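First the structure, in the form of structure tokens, and then the observations on it.
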Amino acid sequence: MRYILERLGFYAFAAWAALTLNFFLPRLMPGDPATALFARFRGRLAPEAMQALRETFGLTDAPLLVQYFTYLGHVLRGDFGISVAYFPSPVSQVIGTGLIWTIFLAGTALIVSFAIGTLLGIVAAWQRRGWLDTWLPSTLVFLGAFPYFWLAMLALYVLGFTLRWFPLGHAYGDDLTPGFNFEFIADVVRHAVLPIGTVVLATLGGWLLSMRNTMIAVLGSDYVNLARAKGLSPSRVMLRYAARNALLPSVTGFGMALGFVLGGSLLTEIVFSYPGQGYLLVQAVRNQDYPLMQGIFLVITLAVLGANWLVDLALLWLDPRTRESS
Amino acid sequence: MSATSAARATGIAAWWDAIRRDRKASIGAALLAVFVLVGIVGPWLVGAPDALVGVPLQPPSGAHWLGTNGQGQDVLAQLVVGTRVSLAIGFTVGLAVVLIGALVGVTAGYFGGRVDALLSVLFNVFLVLPGLPLAIVIAAYLPSGPLTLGFVLVVTGWAWNARVLRSQTLALRRRDFVAAAIVTGESSFTIITREILPNMMSLLVAQVIGSTVYAIGAQVGLEFLGLGDVSAFTWGTNLYWAQNDSALLTGAWWTFVPTGLCVALVGFGLTLLNSGFDEITNPRLQMERAWRAHLAARGQAATRSTPVVRDRG
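So the protein sequences, as listed, match chains A and B. Here this note's numbering is used: position 244 in the first sequence is 251, and no number is missing along the way. Here this note's numbering is used: position 255 in the second sequence is 277, and no number is missing along the way.
Structure below.
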């Protein structure tokens, strides 16, 4: 219990650090950020709207400390200000539309990659120096050396443009209205195959290698030899004895990979014009829509922190030692 | 064994010798050497990267080996000129990231206590914050250019090294020779620079290589998103323009395939060099290899056992 609370405290601290960073970054910008930001939109926004924007964004003439607490208060209430590019939509609303797609894309890619990579790692370690162990890791590491998004571009070119097997972008066809019916879901899946597939391909090698290497170490330990000597079935030794313990480092890596995969999916979203957070984030940067940009950063960060905490809980369940020490 | 003799044994000559003996490492080093050479002399051998030399989006031909891009500029010239900048940023950031990581990690591991607690929280926070979004947000506020890019990559990349080096320092801190140095009254600075750092040399080299791979990949990614100086010529901006000129939708594969291959080859070369170093410096892997050779010489198949043999050949 203490362990859970300790981790929770750490994530709360990390969230606070992200918030604070988010607050000070625009104020550290060379020149006067407020003027630079609002000069761009003079004439496009009504003065009252600008004033509202200034206040929600916290860029008032009040002392820095007061601004800081105003800002914290707004964020805690889920108020990230008003998007400049999508005026007058509030940032939270703009983010909401993109979040689902990114969670779908990155989440599916991460889980699929983790599951396949770990399984392959178990098999590779079990049949050490077999053909799988010899060829697959180096092939996947070679693929992993390519930039994520470049693999995506290549896949899009070959499978989308030349062979026309998959659509060239977006999350679903323009002629469909979102709804819970077979036609729409099938179309979403068809559009997601390439983006998810490329992320999986690029990250598979890491999971495989990490699992394989720990598995090899675990397979040499006494209790695995004992299990073998007892005459337990090979699959039981492989999965229940060796793999469960070898899984721990991979699960720890799962939390860290979350941020990484989210980052990678941002790039993938650009290549496939996929309407998620990454696409919005880059649009926000190009339009100098700072409130939206900061809102997206915060939402992504909070999502990653929350997921990391869940991973900690999973680790607690997997590893009795963490339970005992707490 | 005194730490200084260990440092002497892992001098430049020893490393060079080790690279030559290991096949993986030599392939990696050769790959890398080609790119470094292209980066240094290449820009003088090709035309100006921004010259309009022909019809836009021409496929590769005798006149333009890699064709022309969406503006009618030579793709090969841009690729070669980009090599210099991309590698320079990659190596600089790789080195800087490890330096900062070592400073923080070794300090935390050596002094322990409150210093350790404080620094650990610091790098753990940076580890858990998602890197690319953070990099994008910081880069968006700063003027675009190589300096901003380098700064952003260092900010988002140092924490991992700090964490690894901290645990390595913790392990070394408990060793007898460090205790001996403390008893003889050496200052902390001397102990860190003379006893601890030399003993982590192979780890540090591996980290510089690994961080360079990270720096090149992340840099290309950020520039691809348009966060670099889009008027400069680097690998990332080449890909940015390929995407923005809709290279994919017009079938102009030559505008993005060569650049991606270069990024991958440099990364692959560095990774090979790294795993080669690992086999050289890791006694266990060394012994396994000697044992397998020993068995093969007697016509026996390798087993799963961990060998405790020494090759006296």
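From the three backbone atoms N, C-alpha and C, an ideal C-beta is built for every residue, glycine too. As the structure is a prediction and not an experimental result, all values here were calculated from the model.
Query, Result
"Which chain B residues sit within Cβ distance under 7 angstroms of A:GLN290?", "Per Cβ cutoff of 7 angstroms: no residues; A:GLN290 is ~11 angstroms from chain B at best."
"Does DSSP put A:ASP319 in a helix, in a strand, or in coil?", "helix"
"Cβ atoms of B:LEU151 and A:ALA314: under 8 angstroms apart, would you say?", "no"
"Tell me the residue span of the alpha helix (DSSP H) that contains B:GLY275.", "Checking the sequence, you will find Trp at residue 275 of chain B rather than Gly. That residue, B:TRP275, is in no alpha helix (DSSP H); it is neither H nor E in DSSP."
"Against B:ILE19, what residues of chain A qualify as contacts under a CB-to-CB distance less than 9 angstroms, listed in chain order?", "For chain B, the structure presents residues 23 to 335; residue 19 of chain B sits outside this window and is missing."
"Report the neighbours of B:TRP313 on chain A: residues whose CB is nearer than 8 angstroms to its CB, in chain order.", "The premise fails here: B:TRP313 is roughly 13 angstroms from chain A at the closest Cβ pair, so nothing lies under 8 angstroms."
"Which residues does DSSP list as the beta-bridge partners of B:LEU74?", "B:GLN95"
"Looking only at its chain, what residues have a beta carbon closer than 6 angstroms to the beta carbon of A:THR210, apart from the 5 residues adjacent to it on each side?", "SER120"
"Report back the beta-carbon spacing between B:GLY167 and B:ASP251 to the nearest angstrom; my notes put them in contact at under 8 angstroms.", "5 angstroms"
"Spatial neighbours of A:PRO268 within its chain, please: CB distance less than 7 angstroms, with the 5 preceding and 5 following residues excluded, ordered by chain position.", "What sits at residue 268 of chain A in the sequence shown is Val, not Pro. Correct list, in chain order: ALA113, ALA116, LEU117, VAL206 and THR210."
"How far does the alpha helix (DSSP H) with B:ASN260 in it extend, from its first residue to its last?", "257 to 266"
"In angstroms, rounded to a whole number, what distance separates the CA positions of B:ALA70 and B:ALA99?", "7 angstroms"
"Measuring only the C-alpha atoms, how far is A:TRP108 from B:GLN93?", "34 angstroms"
"Could you tell me which residues DSSP puts in a beta bridge with A:PRO97?", "A:ILE89"
"Could you compute how far the alpha carbon of B:TRP180 sits from the alpha carbon of B:ILE122?", "6 angstroms"
"Report the rounded CA-to-CA distance for B:SER108 versus A:GLU276, giving the unit in angstroms.", "24 angstroms"
"Would you tell me roughly how many angstroms separate the C-alpha atoms of A:ILE89 and B:TYR262, rounded to the nearest one?", "29 angstroms"
"Can the beta-carbon of A:THR125 be found closer than 8 angstroms to that of A:MET263?", "no"
"Based on DSSP bridge pairs, tell me the residues matched to A:THR77.", "None; A:THR77 has no bridge partner."
"Check for me: the alpha helix (DSSP H) holding B:VAL205 runs from which residue to which?", "198 to 205"
"Would B:ASN296 and B:ILE231 qualify as a contact pair, given that the criterion is a beta-carbon distance under 8 angstroms?", "yes"
"List the residues of chain B whose Cβ lies closer than 9 angstroms to the Cβ of A:ILE102, in chain order.", "Simply none; closest approach about 12 angstroms."
"Suppose the cutoff is 6 angstroms on Cβ atoms and the five residues either side in sequence are ignored; what does the same chain contact list for B:LEU88 look like?", "PRO82, VAL97, LEU98, TRP276 and PRO280"
"Using a C-beta cutoff of 8 angstroms, does B:THR293 count as contacting chain A?", "yes"
"Got a sec? Which residues, its chain only, sit under 7 angstroms from B:ILE214 by beta carbon, not counting five neighbours each side?", "VAL128 and TYR132"
"Let's test the definition: count the other Cβ atoms within 10 Å of the Cβ of A:PHE189 and tell me whether it reaches 16, buried, or not, exposed.", "exposed"
"Report, in whole angstroms, the separation of the C-beta atoms of B:TYR163 and A:PRO33, which I expect to be a contact under 8 angstroms.", "6 angstroms"
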